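What follows is a set of notes on a single structure, which appears directly below.
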Amino acid sequence: MVLFFQRSKKEGGSKKKINRSARVPFNNTEIAALEDQYKKTPYLTSREVSELAKVLRITESRVKVWFQNRRARDRREIDGKVYRASSYEQHKMKDGKTKEEVPIFSMENAVLTAYSQCQAIFGRMISNLN
Numbered sequence: 001m002v003l004f005f006q007r008s009k010k011e012g013g014s015k016k017k018i019n020r021s022a023r024v025p026f027n028n029t030e031i032a033a034l035e036d037q038y039k040k041t042p043y044l045t046s047r048e049v050s051e052l053a054k055v056l057r058i059t060e061s062r063v064k065v066w067f068q069n070r071r072a073r074d075r076r077e078i079d080g081k082v083y084r085a086s087s088y089e090q091h092k093m094k095d096g097k098t099k100e101e102v103p104i105f106s107m108e109n110a111v112l113t114a115y116s117q118c119q120a121i122f123g124r125m126i127s128n129l130n
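Heads up: the sequence shown begins at 1 in UniProt numbering, then just goes up one per residue.
Here it is in structure tokens:
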């Protein structure tokens with residue numbers, strides 16, 4: 001067992017012992033079984049949690065936490081793909097290579113764009129009057 005120390009606000013910052021076991025990583029067999037189950041469904045019923053924990057000989061809380069972390073990882077990956085897809089555009093250059101451009105979206109750019117469009121419209125209107 002590993003002893004961790006935590007500062008307590010009530011005790012004026014003095015250290016307080018916490019008995020907590022060291023982190024034990026999942027082995028390859030456990031990961032494979034958890035991933036297989038996750039592919040079937042990312043959410044488990046309490047019965048499925050119990051059965052999986054029993055088969056793998058790990059605690060139910062470890063199974064629950066693994067699934068929570070796995071769903072969070074999926075969300076991060078999906079969010080990252082959405083961000084990259086919306087933020088970057090690939091353009092083909094004449095030599096066939098691609099170059100990435102990062103569009104800059106800001107209120108200032110929107111106002112400047114609107115202003116320049118208005119100038120162009122009013123400029124055409126004035127030239128038509130002359």
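Each residue gets a CB set at the ideal place from its N, CA and C atoms; glycine is no exception. Just so we're clear, the structure is a prediction, and the values are computed from it rather than from any experiment.
First and last residue of the uninterrupted alpha helix (DSSP H) at residue i
i, result
"I31", "28-40"
"L56", "46-56"
Alpha-carbon to alpha-carbon, residue j and residue i
i, j, result
"S21", "V65", "16 Å"
"E89", "I18", "Reliability fails at E89, whose pLDDT of 45 lies under 50, so the model's placement of it is uncertain and the value that follows must be treated cautiously. Taking the straight line from one Cα to the other gives about 50 Å."
"E101", "R75", "Since pLDDT at E101 reaches only 47, below the 50 mark, its modelled position is unreliable, and no value is offered."
"S87", "D79", "Because S87 carries a pLDDT of 49, less than 50, the predicted location of this residue cannot be relied on, and the following value inherits that uncertainty. For S87 and D79, the distance between alpha carbons rounds to 12 Å."
"N27", "V63", "13 Å"
"A53", "E77", "27 Å"
"P103", "L129", "Residue confidence is low: P103 scores 49 on pLDDT, short of 50, so the model does not pin down where it sits. Its coordinate-derived value is still stated next. Distance between the alpha carbons of P103 and L129: 37 Å."
"K39", "I121", "56 Å"
"E51", "K81", "34 Å"
"I31", "V55", "13 Å"
"E35", "S61", "16 Å"
"T29", "R57", "11 Å"
Among the options, nearest to residue i - alpha-carbon criterion
i, options, result
"V24", "T59, A32, K54", "T59"
"F67", "R57, S127, E48, I126", "E48"
beta-carbon residue i near the ligand COA non-hydrogen atom, thresh 6 Å
i, result
"T29", "The model on display carries no ligand, and the ligand COA is accordingly not part of it."
Q) Do three or more CB pairs link the segment 62-76 to the segment 34-48 at distances below 8 Å? A) Here the segment 62-76 makes contact with the segment 34-48; the two share three or more CB pairs at distances below 8 Å.
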